[in-house]
Amino acid sequence: MTAALAPAVLDVAAWQARRRAHEERVDAWLTPHLARRRRGERHPVADFLFTYYSHRPAQLRRWHPGAGVELRGADPADFGRDYRATTVGVTLDTDAVRARRGDSIGWIRSLLTATAGRTPHFGCFGMHEWAMVYRQTREELRHNAWPLRLDPERTAAIVEERGVRCSHFDAFRFFTPPARPLNVLTPTRETQHAHEQPGCLHANMDLYKWAYKLSPLLPSELVADCFELAREIRTLDMRASPYDLAALGHPPVLVETPEGRAEYAAAQRGFADRAAVLRVRLLAAVPA
2 MTAALAPAVL DVAAWQARRR AHEERVDAWL TPHLARRRRG ERHPVADFLF TYYSHRPAQL
62 RRWHPGAGVE LRGADPADFG RDYRATTVGV TLDTDAVRAR RGDSIGWIRS LLTATAGRTP
122 HFGCFGMHEW AMVYRQTREE LRHNAWPLRL DPERTAAIVE ERGVRCSHFD AFRFFTPPAR
182 PLNVLTPTRE TQHAHEQPGC LHANMDLYKW AYKLSPLLPS ELVADCFELA REIRTLDMRA
242 SPYDLAALGH PPVLVETPEG RAEYAAAQRG FADRAAVLRV RLLAAVPA
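Residue 180 in our numbering sits at position 179 of the sequence shown; the count goes up by one each step and never skips.
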């Protein structure tokens, strides 16, 4: 049997500096969101990750060193139930975390592995967001505080002309009922491992979800990296949507035009490249 590797040991100054840097980085995202929440304001781009995903702001801000790291001079009471005392400080009780959450860890790893092994596709051109408003009235729109760029009939015509090629279940489930038959696939939760592909904006945005669900086994800096990518993806997602968000500083990507589709696909490729690196890091941080 191979002996377990000794944990990396961080002295007090090192781990406190990492924790402080993480908190400052996350505060730049949290502070405006929490201020809007206190004022009762909604932002369809900047607030999405805090409303769609279940990870609370305080959880995102909380720092974890990841598995296999020992924090010299730390108090277990400051880090919670997943930590145990050592002779010099604290470390994550990896075995206890895996025993409690083994099934979900395995599910996430298999999804990440399956997605990484597929060829990315870049031909959807953001039509999933258009399918979410297809044939809806103004009152039915999810973000009805903001206008559509085109009138409802022209919006519907774009969906019908372009078609929809969405492989992501958690996007597809928000399609309007008349839009669902227009999609080339019928993704379900049960077929997620078979359909998820690494060019998909939503699959790459969801790396944030898988990162926080794997926490505290991985360092919080990696969760924040996934959050940062997800923020940028959400921005493109909504710029390419039928909504007019120019007043928020988000000029549209006109995917109804050849130039807009080329712009969208180029950005999508860039996000896919960055997501591929993060996917590898997530798998490496939580080995089988």
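Virtual Cβ for every residue (Gly too), placed ideally from N, Cα, C.
Completely contained beta strand (DSSP E) runs for the region 41-103, where each covers 3 or more residues: 70-73, 84-86 and 90-93
Helix, strand or coil at V256 according to DSSP, with G and I counted as helix: Within the sequence shown, residue 256 is the residue found at index 255, counting from 1. Of the three classes helix, strand and coil, the one that applies to V256 here is coil, per DSSP.
S55 to T114 span [Cα, whole Å]: Walking along the sequence shown from the start, residue 55 turns up at place 54. Walking along the sequence shown from the start, residue 114 turns up at place 113. Whole-angstrom Cα-Cα distance: 23 angstroms.
Rounded C-alpha distance that separates R63 from E24: One-based indexing of the sequence shown puts residue 63 at position 62. One-based indexing of the sequence shown puts residue 24 at position 23. Looking at the two C-alpha atoms, the distance is approximately 7 angstroms.
Residue range of the beta strand (DSSP E) that includes L11: By 1-based counting over the sequence shown, the position of residue 11 is 10. Run containing L11: A9 to L11, per the beta strand (DSSP E) assignment.
Beta-bridge pairing of V165 - partner residues as DSSP gives them: Taking the first residue of the sequence shown as 1, we reach residue 165 at position 164. Answer by DSSP bridge pairing, in chain order: N184.
Contact test: V160 Cβ vs the ligand MG heavy atom, cutoff 8 angstroms: With respect to the ligand MG, the structure shown offers nothing to examine, as it has no ligands at all.
Residue of R26, T32 and E140 minimising C-alpha distance to V224: Along the sequence shown, read from residue 1 onward, the residue named residue 224 stands at position 223. Comparing Cα positions, the closest option is R26.
G164 and L142 closer than 9 angstroms at C-beta: Position 163 of the sequence shown, counting from 1, holds the residue named residue 164. Position 141 of the sequence shown, counting from 1, holds the residue named residue 142. The answer is no: Cβ separation not under 9 angstroms.
Span separating the alpha-carbon of R99 from that of R262: Here residue 99 is taken as the residue at index 98 of the sequence shown, counted from 1. Here residue 262 is taken as the residue at index 261 of the sequence shown, counted from 1. So the alpha carbons of these two residues sit roughly 43 angstroms apart.
Continuous alpha helix (DSSP H) stretch holding D207: start and end: Position 206 of the sequence shown, counted from the first residue, corresponds to residue 207. From DSSP, D207 is part of no alpha helix (DSSP H); its letter is neither H nor E.
Sufficient close CB pairs (3 or more, under 8 angstroms) joining the region 34-42 to the region 12-22: no
Complete alpha helix (DSSP H) runs within the region 115-168 (minimum length 4 residues, chain order): 128-132 and 153-163
Spatially closest choice to P58 from G67, H65 and H34, by CA coordinates: Looking up residue 58 in the sequence shown gives position 57. Measuring from the Cα of P58, the nearest candidate turns out to be H34.
Where F175 falls, given that 16 or more other Cβ within 10 Å makes a residue buried: The sequence position of residue 175 within the sequence shown is 174, counting from 1. It counts as exposed.
Cα-Cα separation between D171 and V13, rounded to whole angstroms: Your numbering for residue 171 matches position 170 in the sequence shown. Your numbering for residue 13 matches position 12 in the sequence shown. Cα to Cα, the separation comes out at about 42 angstroms.
Given L61 as reference, the closest of T87, T88, R181 and T32 once Cα atoms are compared: Here residue 61 refers to the residue found at position 60 when the sequence shown is read from its first residue. Measuring from the Cα of L61, the nearest candidate turns out to be T32.
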